[in-house]
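Q: One structure is given below, represented as structure tokens, and several questions about it will come after.
Protein chains in written order, with our numbering: chain A, 771 to 862; chain B, 82 to 363.
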């Protein structure tokens, strides 16, 4: 599957990693729901590090949508809320 | 539902909204391509803007660094003439500058990061726009409107996600540069008004004035000692001096000490003269 890290681009990630990434994602979601910035940050960092470690960059000219999209490095919970509200994502 | 999945669905929903508005998909290919080119222009301008801000911060850092180096030199000069009070003053001001410099350094790193990020985004978008252009021409040439629909959707979905990502990156960089610009502007104003100069070196650079004054009086002392040495050695001048000194009721060596004492009284604890004085017994 293709995973995008916002601000960094797309990566091919083996489907077998889905379970592992999903576990981290569940923690991330819990942090967002609890409004718990202090546990949000380390989980996001871990998730990003894992995806970068196991992913292979997608060739830049590829026109394929991503199955999963991760907030970028340094994103706050506020940024994630805005992303989920979908405001101003796509120009034009 | 998972955060990663939800974010990707938000991107997809946006794309679908745009696709739904299209009437003749083939016509909208050109329109979309135009939008992509505009975004590419925008991200390139963004890179240039961030670079400008970064250079401005760099310039300010250089100016403050020069001032800091100057204060450092002044502290050394002050210590070498035994003025620990002046040296302390210079180092205190240097510490104030150093904290400004540290803040600028953080700003610089942030801007550098944004610049790299945007440059990468610009390159990725450029590759995808190029790929979209090729695909668009193929689709227009080969397929009927009905057949084209699916292929257009694929190409459009692929690129619009990238456009969304780039759009966010530009937004982020704009926010950052705006903050930095405001701070840099405030610092420039402070520098122009001389307030920073005053903070660095006091009104009219009082530390330097004091050092210059001391340097000048040190030179005068040395010159005086040299002259006295010369006069003390020659036989004819000694007679003249001796008669002049006896008129004053004092020996030449004593006269020299008196001049020295007078000087010392004015300029706090000055170091002993470098050259041995006639009659000083050294």
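Built from N, CA and C at the ideal position, the CB exists for glycine as well.
1) Consider the Cβ of residue 238 of chain B: report whether some Cβ of chain D lies at a distance smaller than 9 Å.
2) Who are the Cβ neighbours of residue 366 of chain B in its own chain at under 7 Å, not counting the five residues just before and after it?
3) Suppose you measure from the CA of residue 340 of chain B to the CA of residue 139 of chain B; what does that come to, to the nearest Å?
4) By DSSP, does residue 838 of chain A sit in helix, in strand, or in coil?
5) Who pairs with residue 760 of chain A in a beta bridge, going by DSSP?
6) May I ask which residues mark the beginning and end of the alpha helix (DSSP H) holding residue 85 of chain B?
7) For residue 216 of chain B and chain A, any beta-carbon pair shorter than 9 Å?
8) Sort B:239, B:296 and B:302 by Cα distance to residue 96 of chain B and report the nearest one.
9) Expressed to the nearest angstrom, what Euclidean distance is found between the alpha-carbon atoms of residue 812 of chain A and residue 126 of chain B?
10) On the CB-based measure, 16 or more other CB atoms within 10 Å of its CB, does residue 189 of chain B come out buried or exposed?
11) Secondary structure at residue 826 of chain A, three-state DSSP: helix, strand or coil?
12) So, for residue 331 of chain B: in the same chain, excluding its five sequence neighbours on each side, which residues have a beta-carbon less than 6 Å away from its beta-carbon?
13) If residue 782 of chain A sits next to residue 772 of chain A, beta carbons under 8 Å apart, how far is it from one beta carbon to the other, in whole angstroms?
14) Residues in the same chain with beta-carbon distance under 6 Å from residue 328 of chain B, minus the five sequence neighbours each way, listed in chain order, please.
15) Out of B:92, B:88 and B:84, state which residue places its alpha-carbon closest to the alpha-carbon of residue 242 of chain B.
16) Select from A:843, A:791 and A:814 the residue whose C-alpha is nearest the C-alpha of residue 802 of chain A.
17) By the 10 Å Cβ neighbour count, where 16 or more other Cβ atoms means buried, how is residue 342 of chain B classified, buried or exposed?
18) Curious, which full-length alpha helix (DSSP H) runs of at least 4 residues does the region 218–298 of chain B contain?
19) Considering only the beta carbon of each residue, do residue 141 of chain B and residue 192 of chain B sit closer than 9 Å?
20) Check whether chain A comes within 9 Å of residue 196 of chain B, counting only Cβ atoms and requiring the distance to be less than that.
21) Looking at C-alpha atoms only, which residue of B:108, B:85 and B:84 is the closest neighbour of residue 220 of chain B?
A: Checking against the coordinates, here is how it stands:
1) This model lacks chain D altogether; the protein chains it does include are A and B.
2) Chain B is shown only over 82 to 363; residue 366 of chain B falls outside these bounds and no answer can be derived.
3) One-based indexing of the second chain puts residue 340 of chain B at position 259. One-based indexing of the second chain puts residue 139 of chain B at position 58. At residue 340 of chain B, the pLDDT of 47 sits below 50, so the modelled position is not reliable; the number obtained from the coordinates is stated separately. When rounded, the distance between both Cα atoms is 52 Å.
4) On the first chain, position 68 is the one that residue 838 of chain A refers to. Residue 838 of chain A falls in the strand class under three-state DSSP.
5) Because chain A spans 771 through 862 in this model, residue 760 of chain A falls outside it and cannot be assessed.
6) As a first step, residue 85 of chain B must be located in the second chain, where it is residue number 4. Taken as a continuous stretch (DSSP letters only), the alpha helix (DSSP H) holding residue 85 of chain B covers 84–102.
7) Locating residue 216 of chain B in the second chain gives position 135, where the first residue counts as 1. Closer than 9 Å: yes.
8) Position 15 of the second chain, counted from the start, is the residue given in the question as residue 96 of chain B. Cα-wise, what sits closest to residue 96 of chain B is B:239.
9) Mapped onto the first chain, residue 812 of chain A falls at position 42. Mapped onto the second chain, residue 126 of chain B falls at position 45. About 34 Å.
10) Within the second chain, the letter at position 108 stands for residue 189 of chain B. Looking at its Cβ environment, which holds 16 or more other Cβ atoms inside 10 Å, residue 189 of chain B is buried.
11) In the first chain, the residue the question calls residue 826 of chain A occupies position 56. Residue state, collapsed to three classes: strand.
12) Your numbering for residue 331 of chain B matches position 250 in the second chain. Residue placement at residue 331 of chain B is poorly supported in this model, since its pLDDT is 46, which falls under 50; the coordinates are not used for a value here.
13) As a working note, residue 782 of chain A is residue 12 in the first chain. As a working note, residue 772 of chain A is residue 2 in the first chain. The Cβ separation is near 6 Å, so the contact holds.
14) In the second chain, residue 328 of chain B corresponds to position 247, counting from 1. Note that residue 328 of chain B has pLDDT 48, beneath the 50 cutoff, so the model's placement of it is unreliable and no number is given.
15) As a working note, residue 242 of chain B is residue 161 in the second chain. It is B:92.
16) Start at 1 with the first residue of the first chain, and residue 802 of chain A comes out as number 32. When each option's Cα is compared against that of residue 802 of chain A, the closest is A:814.
17) Reading the second chain from its first residue, position 261 is the one you call residue 342 of chain B. Bear in mind that the predicted position of residue 342 of chain B carries a pLDDT of just 46, short of 50, making it unreliable; the figure below should be weighed with that in mind. Per the 10 Å Cβ criterion, exposed.
18) 226–274 and 276–282
19) Taking the second chain and counting its residues from 1, the one referred to as residue 141 of chain B is at position 60. Taking the second chain and counting its residues from 1, the one referred to as residue 192 of chain B is at position 111. Contact flag unset, no.
20) One-based indexing of the second chain puts residue 196 of chain B at position 115. No, residue 196 of chain B lies away from the interface with chain A (no Cβ there is under 9 Å from its Cβ).
21) If you number the second chain from 1, residue 220 of chain B lands on position 139. Nearest of B:108, B:85 and B:84 to residue 220 of chain B, Cα basis: B:108.
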